[in-house]
Amino acid sequence: MKLNSGEMAGETAEDTRAPAGFDQNLGWALGTLLRAYLKGIENVVAELPGGPRSYQVLSLADSGKCHNQAQMAEHLGIDRTAMTYLLDDLEALRLVSRQPDPVDRRSRRVTLTPKGRKLLNQLSEGVRQVEHHVLGALNAEQSEQVLRGLCQAANGLSHSKSPENPCQVVESLDLKD
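In the UniProt record's numbering, the protein residues as written are 1 to 177.
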């Protein structure tokens, strides 16, 4: 699935230049990159119920990082009820399966099915293209540094607080003054 830059961002080079005084503004830069990323990702994962959230769920299930749907919801900052509906939709498409956890039968383990893994692999290529487009003004080394730095900053926020979901971490930051 090859996407051109117009399909992903719908912007010209002039549209994305920093306004005067914003060339070192983190908020403007992150907002611009996030909008371009989300627009591109929406095209890539359009066939999934829940769009980008479903892609994150499939990726997390594949990683084995979270062992049950409650941990997945917390890790991704998705309401538990919304996660249940999202998993219902993914399970109906036979992309994931849920089984009782042998250690805690109240808990449900989420695993990718072979069909889910195949789709995740296909979608991941499209996601890489979007990431390449979003960071296209950078060379490969710079792109890697930006990604590594952003992940380090996000992990630093997550680990500096108690194990909360990402939304709670951001809400708990004392950003006043």
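Using N, Cα and C, we set each Cβ at its ideal position, and we do this for glycine too. As the structure is a prediction and not an experimental result, all values here were calculated from the model.
1) On the CB-based measure, 16 or more other CB atoms within 10 Å of its CB, does L119 come out buried or exposed?
2) Report the partner residues of L112 according to the DSSP bridge assignment.
3) Is A61 helix, strand or coil by DSSP?
4) Would you please state the rounded distance, in angstroms, between the beta carbons of S143 and L150? I believe it to be under 8 Å.
5) Can you tell me the Cα-Cα spacing of L157 and E42, whole angstroms?
6) Report all residues from its chain with a CB closer than 6 Å to the CB of S107; omit the five preceding and five following residues, and keep chain order.
7) Do you know whose CA, among D62, T81, S63, lies nearest A70's CA?
8) Where does the unbroken alpha helix (DSSP H) through G136 begin, and where does it stop?
9) Using only the alpha-carbon positions, how far apart do V103 and V110 sit?
10) Between which two residues does the alpha helix (DSSP H) harbouring N68 extend?
11) Where does L48 fall in DSSP's three states?
12) Which same chain residues, not among the five before or five after T113, have their C-beta less than 8 Å away from its C-beta?
13) Can you tell me whether DSSP reads R148 as helix, strand or coil?
14) Would you kindly work out how many angstroms separate the C-alpha atoms of residue 242 and L86, rounded to a whole number?
15) Mapping the DSSP letters down to three states, classify D101 as helix, strand or coil.
16) Could you say which of N155, A140, A154, E125 lies nearest to S59 if we only look at CA atoms?
17) Should P19 be labelled buried (16 or more other beta-carbon atoms within 10 Å of its own) or exposed?
Answer, in terms of the structure:
1) Locating residue 119 in the sequence shown gives position 119, counting from the first residue. L119 comes out buried.
2) Translated into the one-based positions of the sequence shown, residue 112 becomes position 112. Beta-bridge pairing links L112 to V96.
3) Stepping through the sequence shown from its first residue, residue 61 is reached at position 61. Helix at A61.
4) Within the sequence shown, numbered from 1, the residue matching residue 143 stands at position 143. Within the sequence shown, numbered from 1, the residue matching residue 150 stands at position 150. About 11 Å separates the two Cβ atoms, so there is no contact after all.
5) Taking the first residue of the sequence shown as position 1, residue 157 is located at position 157. Taking the first residue of the sequence shown as position 1, residue 42 is located at position 42. Computed Cα separation, rounded: 26 Å.
6) Taking the first residue of the sequence shown as 1, we reach residue 107 at position 107. Same-chain partners within the cutoff: N68, D101.
7) Position 70 of the sequence shown, counted from the start, is the residue given in the question as residue 70. Among D62, T81, S63, the Cα nearest to that of A70 belongs to T81.
8) Position 136 of the sequence shown holds residue 136. From DSSP, G136 is part of no alpha helix (DSSP H); its letter is neither H nor E.
9) By one-based count along the sequence shown, residue 103 stands at place 103. By one-based count along the sequence shown, residue 110 stands at place 110. Those two C-alpha atoms are separated by around 14 Å.
10) Working through the sequence shown from its first residue, we reach residue 68 at position 68. No alpha helix (DSSP H) contains N68, which DSSP labels as neither H nor E.
11) Along the sequence shown, one-based indexing puts residue 48 at 48. Here L48 carries a coil assignment [DSSP, helix/strand/coil].
12) Here the question's residue 113 lines up with position 113 in the sequence shown. For T113, where only same-chain residues beyond five positions count, the Cβ hits under 8 Å are R94, L95, V96, S97.
13) For the purposes of this step, residue 148 is identified with residue 148 of the sequence shown, where counting begins at 1. Correct three-state label for R148: helix.
14) The chain is shown from 1 up to 177; residue 242 falls before or after that span and cannot be answered.
15) For the purposes of this step, residue 101 is identified with residue 101 of the sequence shown, where counting begins at 1. Here D101 sits in coil by DSSP.
16) Translated into positions along the sequence shown, residue 59 becomes position 59. Out of N155, A140, A154, E125, E125 has the C-alpha closest to the C-alpha of S59.
17) Taking the first residue of the sequence shown as 1, we reach residue 19 at position 19. Classification of P19: exposed, given that the 10 Å Cβ count is below 16.
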